[in-house]
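S.K.: Quick one: the structure is below, and I'll ask about it shortly.
Right under this line is the structure:
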């Protein structure tokens with residue numbers, strides 16, 4: 015991950031110039047339709063992968079009886095699997111938000127919403143990468159790190175949800191659609207992912 019970060023390091027300044035705008039702004043500009051360069055795509059991919067790995071490390075540190083899984087190689091396999099689950103969840107969110115945006119919003123709003131989602135993932139990556147490194151070297155701090163990770167995750171999600179609300183709220187009647195969106199795309203998938211992680215962990219303990 016650090017090698018991937020280093021390979022894209024020179025492009026990070028360009029990427030972060032638009033970071034806050036993508037995360038918070040709902041102003042319609044022609045720049046919204048700007049084509050993302052190859053370097054910006056590489057930066058986004060590296061940030062997402064770092065976020066997924068950090069999530070895998072933090073979740074693994076919080077799993078009960080994780081030392082019963084096996085030696086260090088087994089622990090690495092668990093972190094790798096949790097990282098893959100986080101990546102698949104990210105890709106599912108991309109597809110889900112893209113589909114919802116194309117159906118219920120115009121092209122400009124949908125593009126701004128997707129940029130807001132990716133910006134929120136970048137924010138999450140920056141917030142949790144240090145706690146993930148800390149818990150690697152100090153596993154006893156897992157409870158504190160898990161709490162920090164949960165707080166940072168919900169802060170990033172809150173920023174994204176607020177942008178979506180500002181983009182799509184028209185009148186009081188649209189609150190119903192917003193509540194349906196929260197249940198179907200923000201709450202239920204997260205609960206299912208939590209149960210999937212517990213199922214995977216219990217399955218490993220039985221093998």
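Residue numbers (my numbering): 15 to 221.
Yeah, the Cβ is synthetic: ideal placement off N, Cα and C, and Gly gets one too.
The model shown is predicted, which means the values in this text are computed figures rather than measured ones.
Evaluate residue 145 with the Cβ neighbour count: other Cβ atoms within 10 Å of its Cβ, from every protein chain shown; 16 or more gives buried, anything less gives exposed.
M.R.: Mapped onto the chain shown, residue 145 falls at position 131. Residue 145 is buried by the Cβ-count criterion.
S.K.: When the Cα of residue 171 is compared with those of 153, 99 and 141, which residue comes out closest?
M.R.: Position 157 of the chain shown, counting from 1, holds the residue named residue 171. It is 141 whose Cα lies nearest to the Cα of residue 171.
S.K.: Below 7 Å CB to CB, which residues in the same chain sit around residue 162 once its five sequence neighbours on both sides are set aside?
M.R.: As a position in the chain shown, residue 162 is number 148, starting the count at 1. The answer, listed in chain order, is 145.
S.K.: Helix, strand or coil for residue 38, going by three-state DSSP, please let me know.
M.R.: The residue given as residue 38 occupies position 24 in the chain shown. Three-state result, residue 38: helix.
S.K.: Within the same chain, show all residues whose beta-carbon is closer than 6 Å to that of residue 77, passing over the 5 residues directly before and after it, in chain order.
M.R.: Taking the first residue of the chain shown as position 1, residue 77 is located at position 63. Only 215 meet the Cβ criterion.
S.K.: Return the Cβ separation of residue 37 and residue 134 in integer angstroms, given the expectation that the two are a contact with Cβ distance under 8 Å.
M.R.: On the chain shown, residue 37 is found 23 positions in, with the first residue counted as 1. On the chain shown, residue 134 is found 120 positions in, with the first residue counted as 1. That pair is a contact at about 6 Å.
S.K.: Can you check the region 149-183 for any alpha helix (DSSP H) of at least 4 residues that lies completely inside it and give the ranges in chain order?
M.R.: Runs found: 156-182.
S.K.: Identify which residue in 74, 157, 100 and 99 has its Cα closest to the Cα of residue 88.
M.R.: In the chain shown, the residue the question calls residue 88 occupies position 74. Closest option to residue 88, Cα to Cα, is 74.
S.K.: Pick from 201, 60, 65 and 130: whose alpha carbon is nearest that of residue 34?
M.R.: Position 20 of the chain shown, counted from the start, is the residue given in the question as residue 34. Checking every option, the nearest Cα to that of residue 34 belongs to 130.
S.K.: Under a Cβ-count criterion, where at least 16 other Cβ atoms within 10 Å of its own Cβ denotes burial, should residue 158 be classed as buried or exposed?
M.R.: Stepping through the chain shown from its first residue, residue 158 is reached at position 144. Counting Cβ neighbours within 10 Å, residue 158 comes out exposed, since fewer than 16 surround it.
S.K.: If we call anything under 8 Å between Cβ atoms a contact, is residue 93 one with residue 160?
M.R.: Locating residue 93 in the chain shown gives position 79, where the first residue counts as 1. Locating residue 160 in the chain shown gives position 146, where the first residue counts as 1. Cβ atoms of residue 93 and residue 160: not closer than 8 Å.
S.K.: Hey, how far is the Cα of residue 9 from the Cα of residue 139?
M.R.: The requested residue 9 does not occur in the structure, where the chain is confined to residues 15 to 221.
S.K.: What residues in its chain sit with their C-beta under 8 Å from that of residue 116, if we drop five residues either side in the sequence?
M.R.: Along the chain shown, read from residue 1 onward, the residue named residue 116 stands at position 102. The residues are 124.
S.K.: Take residue 122 as the anchor and find which of 42, 20 and 212 has the nearest alpha-carbon.
M.R.: What you label residue 122 is simply residue 108 of the chain shown in a count that begins at 1. Of the candidates 42, 20 and 212, the one whose C-alpha sits nearest the C-alpha of residue 122 is 42.
S.K.: So, with DSSP's three-state summary, where would you put residue 185?
M.R.: Position 171 of the chain shown, counted from the first residue, corresponds to residue 185. In the structure shown, residue 185 sits in coil (DSSP, three-state: anything other than H, G, I, E or B).
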